[in-house]
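Working notes, beginning with the structure itself.
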Amino acid sequence: MNDVLAGRALTKRFGQTVALAGVDMAVRPGEAVAIMGPSGSGKSTLLHCLAGIMKPDSGEVRLEGTRIDDMGERRRSALRRSRFGFVFQFGQLLPELPADENVALPLMLGGVARAEAVRRGREWFAPLGLGGMEARRPGELSGGQAQRVAIARALVTRPAVVFADEPTGALDQTTGHDTMRLLVEATKHNGASLIVVTHDPGVAGWCDRTVEVRDGVLLTAGARA
Amino acid sequence: MNVGLAWRLLRGGGRRGMLGTWLTLGAVAVSTALLLFAVAVDFAFAARADRGAWRNPVAAGSRPAVAVEASRHDYVRGREITVVDLAALPGKSPEPPPGLSRFPAPGEVWLSPALAELAGRLPAAELAARYPKPAGVLGDEALVHPDELIVVAGRAPDAPELTAARSSDWIVGSQPVKVASLAGEPTEDAEGYQVLALIASVLMVVPLLVFGGAAARLTVARRDQRLAALRLVGATPGQVVAMTVAEAVIVAFAGALAGAVAYALAVPLLSRVEIDGGPWFVADLWPHPLVMVGAVVAVPLLTGLSAVAGLRRVVVSPLGVAKRETPPAMRWVRLLALVAVLVAVPVVSRGDSAGLIAVVIGLAFLSINLVGPWVVGLIGRIAAASARRPARLLAGRRLVDDPRSAWRTVSGVALTGFVAGFLGLLSPGTLIGTQDTGHLRVSAPAGQAATVAQGARDRLSKAGVAAAVTTRKDVVVIALKDATPLTDEDARRRAPDGLPTQTAPATLDRARTALAGLVPGRTPTTQADDEYFGGEILGDIAVGTVVVLSVSFLVAIASAGITAASSVLDRRQTYALLRLAGTPLEVLDRARRAETLIPLAVMGGGAILVGAFCGIPFMITDPNLTGLVTLVVCVAVGFAGVVGAGALSRPLLRSVTADPAPRPD
Numbered sequence: 001m002n003d004v005l006a007g008r009a010l011t012k013r014f015g016q017t018v019a020l021a022g023v024d025m026a027v028r029p030g031e032a033v034a035i036m037g038p039s040g041s042g043k044s045t046l047l048h049c050l051a052g053i054m055k056p057d058s059g060e061v062r063l064e065g066t067r068i069d070d071m072g073e074r075r076r077s078a079l080r081r082s083r084f085g086f087v088f089q090f091g092q093l094l095p096e097l098p099a100d101e102n103v104a105l106p107l108m109l110g111g112v113a114r115a116e117a118v119r120r121g122r123e124w125f126a127p128l129g130l131g132g133m134e135a136r137r138p139g140e141l142s143g144g145q146a147q148r149v150a151i152a153r154a155l156v157t158r159p160a161v162v163f164a165d166e167p168t169g170a171l172d173q174t175t176g177h178d179t180m181r182l183l184v185e186a187t188k189h190n191g192a193s194l195i196v197v198t199h200d201p202g203v204a205g206w207c208d209r210t211v212e213v214r215d216g217v218l219l220t221a222g223a224r225a
Numbered sequence: 001m002n003v004g005l006a007w008r009l010l011r012g013g014g015r016r017g018m019l020g021t022w023l024t025l026g027a028v029a030v031s032t033a034l035l036l037f038a039v040a041v042d043f044a045f046a047a048r049a050d051r052g053a054w055r056n057p058v059a060a061g062s063r064p065a066v067a068v069e070a071s072r073h074d075y076v077r078g079r080e081i082t083v084v085d086l087a088a089l090p091g092k093s094p095e096p097p098p099g100l101s102r103f104p105a106p107g108e109v110w111l112s113p114a115l116a117e118l119a120g121r122l123p124a125a126e127l128a129a130r131y132p133k134p135a136g137v138l139g140d141e142a143l144v145h146p147d148e149l150i151v152v153a154g155r156a157p158d159a160p161e162l163t164a165a166r167s168s169d170w171i172v173g174s175q176p177v178k179v180a181s182l183a184g185e186p187t188e189d190a191e192g193y194q195v196l197a198l199i200a201s202v203l204m205v206v207p208l209l210v211f212g213g214a215a216a217r218l219t220v221a222r223r224d225q226r227l228a229a230l231r232l233v234g235a236t237p238g239q240v241v242a243m244t245v246a247e248a249v250i251v252a253f254a255g256a257l258a259g260a261v262a263y264a265l266a267v268p269l270l271s272r273v274e275i276d277g278g279p280w281f282v283a284d285l286w287p288h289p290l291v292m293v294g295a296v297v298a299v300p301l302l303t304g305l306s307a308v309a310g311l312r313r314v315v316v317s318p319l320g321v322a323k324r325e326t327p328p329a330m331r332w333v334r335l336l337a338l339v340a341v342l343v344a345v346p347v348v349s350r351g352d353s354a355g356l357i358a359v360v361i362g363l364a365f366l367s368i369n370l371v372g373p374w375v376v377g378l379i380g381r382i383a384a385a386s387a388r389r390p391a392r393l394l395a396g397r398r399l400v401d402d403p404r405s406a407w408r409t410v411s412g413v414a415l416t417g418f419v420a421g422f423l424g425l426l427s428p429g430t431l432i433g434t435q436d437t438g439h440l441r442v443s444a445p446a447g448q449a450a451t452v453a454q455g456a457r458d459r460l461s462k463a464g465v466a467a468a469v470t471t472r473k474d475v476v477v478i479a480l481k482d483a484t485p486l487t488d489e490d491a492r493r494r495a496p497d498g499l500p501t502q503t504a505p506a507t508l509d510r511a512r513t514a515l516a517g518l519v520p521g522r523t524p525t526t527q528a529d530d531e532y533f534g535g536e537i538l539g540d541i542a543v544g545t546v547v548v549l550s551v552s553f554l555v556a557i558a559s560a561g562i563t564a565a566s567s568v569l570d571r572r573q574t575y576a577l578l579r580l581a582g583t584p585l586e587v588l589d590r591a592r593r594a595e596t597l598i599p600l601a602v603m604g605g606g607a608i609l610v611g612a613f614c615g616i617p618f619m620i621t622d623p624n625l626t627g628l629v630t631l632v633v634c635v636a637v638g639f640a641g642v643v644g645a646g647a648l649s650r651p652l653l654r655s656v657t658a659d660p661a662p663r664p665d
């Protein structure tokens with residue numbers, strides 16, 4: 001099987017609300033996929049299930065052929081730390097840490113010595129246009145710069161899949177498009193796959209294909225040239 | 001309209017919102033209860049001073065005198081009895097003192113309830129025979145405290161007790177004074193206690209105000225996002241502020257009421273704490289209703305004000321995004337203040353006065369408070385620079401980021417640690433309990449020592465008390481024969497004749513009773529009796545210290561708990577996202593713990609050492625082991641309490657990270 005990540009027949013309910021109703025979705029290595037849909041359609045739930053943040057009520061999720069949805073929280077947590085990267089809308093950077101230590105944090109959590117972690121983290125700054133901002137704290141960065149630091153942090157462990165939940169939601173259009181371009185390019189350059197949840201067609205346009213979720217069901221599986 | 005919306009927001013806060021509400025409510029309740037205690041203490045001492053005033057006569061001066069009043073102290077079973085001699089002047093009908101239904105007639109005595117009970121319990125030859133013909137029992141209005149031993153003796157105005165000269169020492173008693181009324185005035189002793197109580201109140205109230213602010217922040221911490229959303233939908237800053245105030249005030253008002261009830265329930269327990277010779281009337285510890293109402297109204301208002309201050313950022317920015325920049329490093333000149341005080345202590349302490357001790361405590365307190373945040377920042381820099389693991393790195397960076405906030409968490413314990421270190425060396429334990437009780441001494445009128453000595457021999461012989469009676473100038477010394485020598489070096493050094501002895505309390509009281517009235521207006525006393533007042537003062541300082549330490553620690557512990565909880569709530573989004581990205585809960589928890597523990601250990605320990613250093617020049621005796629152990633236990637319990645209170649926010653951390661905002665989206 002070529003899929004790096006695959007969800008099969010995923011269902012999830014919140015009380016009476018059906019968030020996912022038997023969704024199948026697979027992502028290939030290096031592929032960028034956008035999940036779109038209106039508010040309440042179940043797109044974030046799908047991302048959370050695929051990323052091992054949330055257990056589906058039924059169905060299964062496999063990473064590189066290994067089932068992950070039946071793992072305990074501790075193992076899923078370790079998996080998220082080492083094999084996945086995350087970029088959120090805002091608020092994911094620790095305000096007390098300078099940018100380079102924010103980027104190095106996942107490596108340190110994985111047991112890499114601090115000096116080495118910071119050195120490897122800093123390697124991401126120049127390619128992402130952040131040269132000279134290593135010692136700045138999140139409060140001293142613009143929204144776009146902070147998102148680029150978050151991208152560096154998501155990629156520093158060289159993950160298999162990067163998940164992005166509305167990564168440009170708090171940015172203006174120009175900055176948002178720049179950020180998406182960097183996110184897609186850096187992820188592909190790193191050999192990782194990318195799954196982006198968005199309601200912005202402009203953001204989805206940066207991905208290889210777009211899937212649409214509505215009422216917990218996957219409607220389309222479009223491909224992009 | 002705002003209050004209604006605030007009420008709906010409050011009720012609709014969900015489980016996490018309600019947790020924050022309960023924490024705030026609890027914090028305000030503790031704050032209010034302690035505030036009432038701090039205020040009630042002043043009222044209680046004032047009430048005592050007023051009730052005891054009638055025994056401190058004021059000379060009639062230009063007004064017509066109606067009575068003669070004198071007082072002295074007697075002793076039984078190591079306790080002090082206040083003896084008040086009263087006589088109406090010829091042709092005058094003075095108002096009786098408070099607690100007496102009529103002015104005592106010559107020859108009759110009125111006993112306080114505790115003294116009447118003791119006189120009935122002990123053999124008459126040991127107590128009751130000293131005060132024959134009891135005419136009645138004094139009412140509570142005559143008593144400083146319910147266990148007070150007091151006797152009012154009616155005399156004729158020309159009775160020897162009211163004409164013979166007495167000691168001029170106010171500690172021993174007061175000279176006969178012609179008075180225009182028995183209103184009197186508070187004694188210096190009582191006024192001294194009022195001043196000390198006021199100082200203790202200030203020491204307790206200041207941390208309480210800081211604590212109240214922290215509690216308000218907790219309300220804001222869980223509300224800022226929703227209120228930012230209100231700004232986004234068009235609420236004006238004024239409306240946001242009004243809703244915040246309303247919400248904080250509703251919670252704080254409930255907390256204040258709960259605190260008032262908690263205080264009311266604690267009053268019977270508090271009334272048993274013995275200060276200035278005995279426990280308290282419950283009514284004394286009950287603040288005036290206006291004060292009560294004032295506290296229940298003022299605490300919520302202050303909480304509301306703190307909430308407004310905490311909400312400034314939401315009002316300024318609808319997105320609620322706090323701009324965080326690298327904080328400027330604190331200036332090391334703060335350290336100079338502490339160094340200056342430490343250098344000054346040995347120099348100025350040669351003056352050796354109570355006022356100086358107060359100044360030194362005050363300056364050291366201030367300088368520790370000034371240097372605290374600087375040291376916390378420094379510790380943070382060291383911890384961050386040397387960190388090899390993420391938890392320590394996070395803790396260190398947070399300490400550098402906001403040293404004042406970290407200092408607030410531990411400042412209560414650190415400042416209390418200073419007091420503990422200071423008082424540990426001043427512990428008065430060795431001054432009490434080893435005195436001579438085997439010798440009674442009484443001053444005879446000039447030239448009558450031999451006559452008085454013979455009288456003493458006759459009375460003691462008749463009472464069957466074996467004693468050797470000698471004279472030294474005008475002082476008659478009665479050495480009780482069944483007394484055993486004291487070998488304690490300290491007691492020998494302090495005994496007037498260098499041969500201290502101790503006798504059985506029953507023998508001593510039989511001798512006292514036999515000698516009662518031997519020299520009119522004077523009481524035969526032992527060295528232990530003469531040191532009674534000093535011992536009581538030092539004992540009260542020890543009790544007061546434990547009370548202030550307990551309150552400070554309680555505030556520090558509650559404050560640490562609240563600060564830890566609001567810190568988790570403040571960072572809940574970052575924590576949740578970090579957890580979502582695979583950060584182990586243990587790492588976040590360890591960082592949170594280290595953030596408190598590192599400054600607590602350094603600053604708490606440092607403050608104790610500074611306190612001990614400041615206390616060395618004032619050491620009266622060798623450090624008392626029991627006192628030191630008590631204070632060490634107190635500090636250990638306080639430290640453990642702060643750590644425990646911080647640990648209580650672990651479930652909160654688990655709660656905010658366990659559920660990364662699931663939504664059916």
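Sequences listed follow chains A and B, in order.
Per this note's numbering, the very first residue in the first sequence carries number 1; after that it's consecutive.
Per this note's numbering, the very first residue in the second sequence carries number 1; after that it's consecutive.
Built from N, CA and C at the ideal position, the CB exists for glycine as well.
On a predicted model such as this, the values are computed, not experimentally measured, just so you know.
Alpha-carbon to alpha-carbon, residue j and residue i
i                : j                : result
ASP200 (chain A) : PRO38 (chain A)  : 10 Å
THR17 (chain A)  : ASP215 (chain A) : 9 Å
ALA252 (chain B) : ARG397 (chain B) : 33 Å
LEU183 (chain A) : LEU600 (chain B) : 43 Å
LEU648 (chain B) : LYS188 (chain A) : 45 Å
PHE211 (chain B) : ALA99 (chain A)  : 34 Å
ARG13 (chain A)  : ASP570 (chain B) : 30 Å
LEU23 (chain B)  : ALA104 (chain A) : 35 Å
LEU130 (chain A) : VAL293 (chain B) : 59 Å
PRO151 (chain A) : THR11 (chain A)  : Here residue 151 (chain A) turns out to be Ile, not Pro, going by the sequence shown. One C-alpha to the other measures close to 30 Å.
LEU63 (chain A)  : PRO138 (chain A) : 32 Å
SER82 (chain A)  : MET25 (chain A)  : 22 Å
ALA197 (chain B) : VAL109 (chain B) : 34 Å
Whether residue i touches residue j by CB criterion (8 Å)
i                : j                : result
ALA29 (chain B)  : GLY99 (chain B)  : no
PRO390 (chain B) : MET36 (chain A)  : no
VAL261 (chain B) : CYS614 (chain B) : no
VAL39 (chain B)  : VAL291 (chain B) : yes
THR574 (chain B) : GLN92 (chain A)  : yes
GLY380 (chain B) : PRO186 (chain B) : no
Below-8 Å beta-carbon distance, residue i vs any chain A residue
i                : result
ALA387 (chain B) : yes
SER649 (chain B) : no
LEU684 (chain B) : Residue 684 (chain B) is absent from the model: chain B starts at 1 and stops at 665.
LEU393 (chain B) : yes
Cβ of residue i within 8 Å of any chain B Cβ
i                : result
GLN92 (chain A)  : yes
LEU171 (chain A) : no
GLU212 (chain A) : no
GLU101 (chain A) : yes
PHE86 (chain A)  : yes
ARG148 (chain A) : no
ARG81 (chain A)  : yes
Closer than 7 Å at the beta carbon, the chain B residues around residue i
i               : result
SER77 (chain A) : GLY582 and PRO584
Closer than 9 Å at the beta carbon, the chain B residues around residue i
i                : result
GLU134 (chain A) : By Cβ distance, chain B contributes nothing, its closest Cβ being about 13 Å from GLU134 (chain A), past 9 Å.
Neighbouring residues, chain A, relative to residue i (Cβ below 8 Å)
i               : result
ASP42 (chain B) : Those within 8 Å of ASP42 (chain B) in chain A number zero; the least Cβ separation is about 43 Å.
Where residue i meets chain B, residues with beta-carbon distance less than 8 Å
i                : result
GLU185 (chain A) : Result: empty, since nearest Cβ-Cβ is about 21 Å, beyond 8 Å.
LEU97 (chain A)  : LEU393, LEU394 and ARG397
Proximal residues, the segment 105–122 of chain A versus chain B, C-beta separation under 8 Å | LEU105, PRO106, MET108, LEU109, ALA113 and ARG114
Mind listing which residues of the segment 565–599 of chain B have their C-beta closer than 7 Å to chain A's C-betas, in chain order?
-> GLN573, THR574, LEU577, LEU580, ALA581, GLY582, THR583, PRO584 and VAL587
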